[in-house]
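Colleague: Once you've had a glance at the structure underneath, I'll fire off some questions.
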Amino acid sequence: MSCPIIDVYCDNCGNKIKHMITLKPIRDVLRVTKNKCTSCGIGLNPSDFTIELDKF
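Numbering (my numbering), first residue to last: 162 to 217.
As structure tokens, then:
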């Protein structure tokens, strides 16, 4: 059994905000960056995120 890898990206610029092995609530992930993208500075709303699954 393999561990899932979770990547959180900014939809505006495509910057990878967080790379995780353990699933965490998006609110907790964005709290570290003060709800902003570290690359483009756009404000990020936790309710605007979607989940995409890729099977390897």
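Glycine included, every Cβ here is placed at the ideal spot set by N, Cα and C. Given the structure is predicted, the values throughout are model-derived calculations rather than measurements.
(1) What is the residue span of the beta strand (DSSP E) that Ile167 lies within?
(2) When you compare each of Met181, Asp172, Lys185 and Cys164 to Cys201 by their alpha carbons, which one comes out closest?
(3) Just to confirm, are Thr199 and Ile178 a CB contact at a threshold of 8 angstroms?
(4) Can you grab the Cα-Cα spacing for the pair Ile203 / Leu214, in whole Å?
(5) Do you know whose CA, among Ser208, Lys185 and Asn176, lies nearest Pro165's CA?
Modeller: Working from what's here:
(1) Taking the first residue of the sequence shown as 1, we reach residue 167 at position 6. Per DSSP, Ile167 belongs to the beta strand (DSSP E) from Ile167 to Tyr170.
(2) Translated into positions along the sequence shown, residue 201 becomes position 40. Of the candidates Met181, Asp172, Lys185 and Cys164, the one whose C-alpha sits nearest the C-alpha of Cys201 is Asp172.
(3) Reading the sequence shown from its first residue, position 38 is the one you call residue 199. Reading the sequence shown from its first residue, position 17 is the one you call residue 178. With respect to Ile178, Thr199 sits close: the two C-beta atoms are nearer than 8 angstroms.
(4) Numbered from 1 along the sequence shown, position 42 holds the residue referred to as residue 203. Numbered from 1 along the sequence shown, position 53 holds the residue referred to as residue 214. The straight-line gap from Cα to Cα measures roughly 24 angstroms.
(5) Mapped onto the sequence shown, residue 165 falls at position 4. Residue Lys185 is the option with its Cα nearest to Pro165.
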